[in-house]
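In UniProt numbering, the protein residues as written are 50 to 421.
Every residue, glycine too, gets a C-beta built ideally from N, C-alpha and C.
Notes follow once the structure below has been shown.
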Ligand code: NDP
Ligand code: GDR
């Protein structure tokens, strides 16, 4: 079994009190991007299902494990741990192959990415290296691990995106042509086709989940939904007054991340590998998100939002609305959290966060401009 490196962490979900299966009966999942929004929800989901979960994390000068710290247990109790973390990077093929050989997972979830569309225009080369070539590196590591071991029980999930549809009008389904509008989206198209190619060329059990936008209180703070709900909380608590945004007319099919990770897992439980759109089939503009989120706490967004051109993109994706009928029919998946509920969940959490920030600001431990 894998040896832990010095700062790698291990953890176990013990909240429901149920004893896990004996180690020899437990399935093993390997997750790249475990420290991200989806990685954290997927880890919770798989631990509840009785998996051992191995996460690959990248080196950062600060700890980047905030979203999974609640699952962490002291490494000195590592024999109890069912989540283990190791350093690797999608730009480092040797680390991917080494951990595949060591961990020998049953399921590989490739969630790691430079996932910010606007940032991909600033760092296109890096985005392509991690999102496109990084996925190829991982697929190749899986293929060569299978070739070396003769194993036939490995399944691969690729985190595809509705951004691949880009300029193609809605509703978008598995048969809708891709027309990507950013270096990120072009790179995700490459990763999609690498995955299809490894399925066709080598018979790999590999699935593309084409997921539409999904959000949560754990969403990165520079994505528009979380940027808005953070601002709502902080404005409500008197910590800021203005919110600078770009295009308010863009329309997105926003679901809840906790619902979407279940669809990832469902894809890998099918008899045959395939590609699936995962979406709520409802679309709302950024302006509608503002109406609901500010309105929920009795504020008028027009009093606070300022348009700042720096948040406009060189080429925009105007309208995304998924057709998830295949996922509903074949996987039996459907979203549980609707738009209004999602917005309220995020605002509720961010109002609480802002209240905690306010205590620190009032006590002089923090400047109101500072993020916690
Ligand atoms: P996040 O941005 O929250 O998480 C991305 C993860 O990738 C983080 O764990 C990050 O590590 C890691 N990562 C980034 N670069 C590298 C690298 N070079 N090597 C290894 N790991 C790296 O994304 P989400 O959780 O929201 O999304 C998960 C996946 O799904 C991504 O691939 C995204 O593109 C895709 N997707 C997301 C959708 C959404 O609406 N959320 C919709 C469709 C697709 P660190 O924590 O250190 O930054
Ligand atoms: P997106 O999400 O680009 O759809 O990619 P994001 O929240 O960044 O943008 C959604 C829409 O809001 C508009 N917008 C702003 N966006 C940001 N980030 N900041 C702003 O200030 C702002 N003002 C307006 C954008 O122009 C856009 O139209 C997300 C990511 O999670 C991808 O990784 C994923 O693949 C897709 O969702 C599906």
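Do you know how far the Cα of residue j is from the Cα of residue i?
{"i": "residue 171", "j": "residue 104", "result": "28 Å"}
{"i": "residue 235", "j": "residue 229", "result": "5 Å"}
{"i": "residue 310", "j": "residue 254", "result": "18 Å"}
{"i": "residue 142", "j": "residue 89", "result": "24 Å"}
{"i": "residue 275", "j": "residue 199", "result": "45 Å"}
{"i": "residue 325", "j": "residue 164", "result": "20 Å"}
{"i": "residue 356", "j": "residue 294", "result": "5 Å"}
{"i": "residue 149", "j": "residue 417", "result": "45 Å"}
{"i": "residue 258", "j": "residue 107", "result": "23 Å"}
{"i": "residue 317", "j": "residue 157", "result": "9 Å"}
{"i": "residue 247", "j": "residue 315", "result": "20 Å"}
{"i": "residue 348", "j": "residue 411", "result": "23 Å"}
{"i": "residue 332", "j": "residue 95", "result": "29 Å"}
{"i": "residue 405", "j": "residue 224", "result": "47 Å"}
Assuming residue i contacts residue j under a Cβ cut-off of 8 Å, what Cβ separation, rounded to an integer in Å, is found between them?
{"i": "residue 265", "j": "residue 305", "result": "6 Å"}
{"i": "residue 208", "j": "residue 159", "result": "6 Å"}
{"i": "residue 86", "j": "residue 269", "result": "7 Å"}
{"i": "residue 277", "j": "residue 292", "result": "7 Å"}
{"i": "residue 262", "j": "residue 204", "result": "In fact, because the Cβ distance is near 25 Å, the residues do not count as touching under 8 Å."}
{"i": "residue 187", "j": "residue 81", "result": "7 Å"}
{"i": "residue 335", "j": "residue 368", "result": "Not a contact, Cβ separation roughly 12 Å."}
Using only the heavy atoms of the ligand NDP, determine whether one of them is closer than 7 Å to the beta carbon of residue i.
{"i": "residue 139", "result": "yes"}
{"i": "residue 176", "result": "no"}
{"i": "residue 333", "result": "no"}
{"i": "residue 86", "result": "yes"}
{"i": "residue 183", "result": "yes"}
{"i": "residue 83", "result": "yes"}
Please classify residue i: does DSSP put it in a helix, a strand, or coil?
{"i": "residue 106", "result": "strand"}
{"i": "residue 119", "result": "helix"}
{"i": "residue 366", "result": "coil"}
{"i": "residue 259", "result": "strand"}
{"i": "residue 267", "result": "coil"}
{"i": "residue 94", "result": "helix"}
{"i": "residue 199", "result": "coil"}
{"i": "residue 359", "result": "helix"}
{"i": "residue 346", "result": "coil"}
{"i": "residue 101", "result": "strand"}
{"i": "residue 50", "result": "Reliability fails at residue 50, whose pLDDT of 33 lies under 50, so the model's placement of it is uncertain and the value that follows must be treated cautiously. Residue 50 falls in the coil class under three-state DSSP."}
Does the beta-carbon of residue i, which I'm using as the reference point, lie nearer than 7 Å to any heavy atom of the ligand GDR?
{"i": "residue 159", "result": "no"}
{"i": "residue 257", "result": "no"}
{"i": "residue 370", "result": "no"}
{"i": "residue 340", "result": "no"}
{"i": "residue 294", "result": "yes"}
{"i": "residue 206", "result": "no"}
Which residue marks the beginning of the alpha helix (DSSP H) containing residue i, and which one marks its end?
{"i": "residue 389", "result": "388-411"}
{"i": "residue 209", "result": "Run containing residue 209: none in the alpha helix (DSSP H); it sits in the beta strand (DSSP E), 204-210."}
{"i": "residue 274", "result": "273-285"}
{"i": "residue 293", "result": "It is not in any alpha helix (DSSP H) - residue 293 instead sits in the beta strand (DSSP E) that spans 292-294."}
{"i": "residue 168", "result": "166-171"}
Tell me where the beta strand (DSSP E) around residue i begins and ends.
{"i": "residue 156", "result": "156-159"}
{"i": "residue 132", "result": "132-136"}
{"i": "residue 80", "result": "77-81"}
Flag residue i as yes if its beta-carbon sits less than 8 Å from any beta-carbon of chain D, otherwise no.
{"i": "residue 94", "result": "The chain labelled as chain D is not found in the depicted structure, where only one protein chain is given."}
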